[in-house]
Amino acid sequence: MTKYNYKISESSKGLDVLYLLDFVVCKSSGNYLRTHFKNTHETAMAVKGMRLTKALAYLADVTDKKQCIPFRRFNGGVGRCAQAKQHGTTQGRWPVKSVDFIRTLLLNAKANGEGLNTDALVIKHIQVNQAPKHRRRTYRAHGRINPYMSTPCHIEIVCEEPSMPVPKASSSNAMSVVA
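Numbering (this note's numbering), first residue to last: 76 to 254.
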């Protein structure tokens with residue numbers, strides 16, 4: 076069992092649900108995944124906060140190149156594409172391998188949430204960390220050797236059912252502020 080970097084706040088769930096914390100969220104994680112860290116980070120930030128069903132449909136569109144993943148943080152040398160305008164930026168790509176890894180973890184989290192309403196699940200937490208680099212060699216001219224590194228990553232995902240909304244207070248019960 077892996078440790079997650081996500082704590083469920085007691086105030087967000089209420090005391091009656093604290094006994095069922097393992098059943099309120101569903102988790103999934105992958106370690107030492109052979110996919111680019113930077114592409115996976117941008118893919119994860121694109122789906123964070125989405126409903127699980129919407130995120131899976133979005134990732135399917137990225138695989139078909141109907142939508143792109145916007146690159147906001149690790150965007151040095153990333154080309155521009157017209158599809159990135161939908162996300163308020165100019166740079167975007169279609170990182171298919173990263174999309175496949177995240178889609179697999181989302182489906183795993185959906186399967187882990189047995190007693191939950193899977194149509195209402197929201198991706199509350201998704202985190203991508205760098206894993207130790209894999210070292211290889213490439214042989215150059217004149218007898219030189221250079222490193223040929225890969226940058227794998229760790230991914231953790233926590234999906235949660237949204238809590239019931241609090242009803243708005245009626246105007247007669249509302250407090251008035253006196254200045």
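Glycine included, every Cβ here is placed at the ideal spot set by N, Cα and C. In this text the structure is predicted, and so the values were computed from the model without any measurement.
Unbroken beta strand (DSSP E) run spanning residue i, endpoints
i	result
residue 235	228-235
residue 214	212-214
residue 80	Taken as a continuous stretch (DSSP letters only), residue 80 belongs to no beta strand (DSSP E), as it is neither H nor E.
residue 222	220-222
Bridge partner(s) assigned by DSSP for residue i
i	result
residue 100	235
residue 209	225
Nearest-angstrom beta carbon gap, residue j and residue i [assumed within contact, 8 Å]
i	j	result
residue 122	residue 198	6 Å
residue 192	residue 236	6 Å
Residue i beta carbon near the ligand PLP (any heavy atom closer than 7 Å)
i	result
residue 143	Questions concerning the ligand PLP fall outside what the structure shown contains, since it holds no ligand whatsoever.
Kindly confirm or deny that the region 131-144 and the region 207-226 touch, where touching means at least three C-beta pairs closer than 8 Å. no
Length-filtered (4 minimum) alpha helix (DSSP H) runs lying within the region 123-204: 127-138, 171-187
Is there contact here, the region 98-107 with the region 136-148, by at least three beta-carbon pairs under 8 Å? no
At a cut of 8 Å, does the region 154-168 reach the region 180-191 through at least three beta carbon pairs? no
Any chance the region 112-119 sits against the region 218-233, with 3 or more Cβ pairs inside 8 Å? yes
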